[in-house]
Amino acid sequence: MKKIGFFGAGKMAEGILSAIPSKRGVFMAEKVASRRAELRGKYGVKTTADAKEVAKASRLVFLAVRPQDVDGLAAEVKPFLTAEHTIVSIVAGKTLAKLRKAFGPKARLVRVMPNLALRAGAGMCAITAPASTPAEDVAAVEKILGGAGETVILKEKEFDAVTALSGSGPAYFAYMEEAMVEGGVALGLAPKTARLLAEQTMYGTAKFLRESGMELRPFIEGVCTKGGTTAAGMEKLDVPLFKETVRAALKAAADRSRDLA
Ligand SMILES: NC(=O)c1ccc[n+]([C@@H]2O[C@H](COP(=O)([O-])OP(=O)(O)OC[C@H]3O[C@@H](n4cnc5c(N)ncnc54)[C@H](OP(=O)(O)O)[C@@H]3O)[C@@H](O)[C@H]2O)c1
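In my numbering, the protein residues as written are 17 to 277.
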């Protein structure tokens, strides 16, 4: 296994780090001193403020800085990159072509679109790589990220849709939860109780659907007993506007992802 490093050690980097079984050899470059101390204390990783040090010492490096910081960082580390390096970018909107331009011709590239649930070990990561990246590198990335949730290998042209659905999705589900909580409170529940009820219901429904593999339509119809309470609720929710709004939200996010690329 190649020595693992990180450029940037923020929220998403920590999510990936927590999935790596042996953290002792991991080397993280992070600008913020207090964050470096925190990660050293929590995981026993090696840290530095200088990304060049990570480029020199590590061979499989996760790129986990914000999009606007990529070019500056790439210019710094590029002279130290070799054909043995694999840069695994989780940066939203940075295409493989842009990464290639930024990091130069030598390093192997892998692009990942994760989501925030990575931080709870239940992430959804889409992975893509150019033909020039060896399959064993892609497999190594798949294995690491598989420790923090589900992974799927896709074509890069699918990444705007992935960004819209699973990348941005946690905010959409949380928004739905917020609406459910507000609805519960309006019916007289305490906010804390309403949140527990809404959240556990969302979590349990997703768990059941994943574990059973049941089709969505029969599941919905099965819960909606004729003349029952769920059917009364669904009558209000199951209007064309609801799905049109969700579709429009995903399209807007995918369009923005394309614009950012
Ligand atoms: N959050 C999500 O849900 C999500 C989902 C999919 C993809 N992503 C992608 O994941 C990436 C990381 O997101 P995040 O939320 O983890 O960001 P974050 O918490 O802001 O972490 C990025 C860290 O990198 C540091 N940094 C910047 N330039 C550096 C350099 N040259 N050397 C060392 N450290 C440097 C930053 O320090 P400073 O603050 O001092 O600049 C910051 O602490 C982003 O590109 C984002 O597009 C995020």
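Where a beta carbon is used, it is the ideal one built from N, C-alpha and C, also for glycine.
(message) By the three-class DSSP mapping on this structure, what secondary structure does Leu205 have?
(response) Here Leu205 sits in coil by DSSP.
(request) Please determine, among Ala136, Thr179 and Phe78, the residue with the shortest C-alpha to C-alpha distance to Ala156. (result) Ranked by how close their Cα comes to the Cα of Ala156, the residues Ala136, Thr179 and Phe78 have Phe78 in first place.
(message) What ranges does the alpha helix (DSSP H) occupy inside the stretch 61 to 125, keeping only unbroken runs of at least 4 residues that lie completely in it?
(response) Taken in chain order, the unbroken stretches of alpha helix (DSSP H) that lie wholly in the stretch 61 to 125 and span 4 residues or more are 67 to 73, 86 to 93 and 112 to 119.
(request) Identify every residue that forms a DSSP beta bridge with Cys240. (result) For Cys240, which the question treats as bridged, DSSP gives no partner whatsoever.
(request) Taking Thr144 as part of the beta strand (DSSP E), name the residues at either end of that continuous run. (result) Thr144 -> beta strand (DSSP E) spans Gly139 to Thr144.
(request) Could you tell me which of Ile36, Met28 and Lys114 sits nearest to Lys18, measuring between CA atoms? (result) Comparing Cα-Cα distances from Lys18 to each of Ile36, Met28 and Lys114, the minimum goes to Ile36.
(message) Closer than 8 Å to a non-hydrogen atom of ligand 1 - does that hold for the CB of Ile20?
(response) No, since every heavy atom of ligand 1 falls outside the 8 Å radius drawn around the Cβ of Ile20.
(request) Measure the beta-carbon distance from Ala190 to Val201 and round it to whole angstroms, keeping in mind my assumption that it falls under 8 Å. (result) About 16 Å separates the beta carbon of Ala190 from that of Val201, a gap too long to meet the 8 Å contact definition.
(request) Give me the Cα-Cα distance between Glu54 and Val70, rounded to the nearest whole angstrom. (result) When the Cα atoms are used, Glu54 and Val70 turn out to be separated by approximately 18 Å.
(message) Can you find the residues in the same chain that come closer than 6 Å, C-beta to C-beta, to Gly21, ignoring five residues on each side of it along the sequence?
(response) So the qualifying residues of the chain are Phe43, Val70, Ser74 and Val77.
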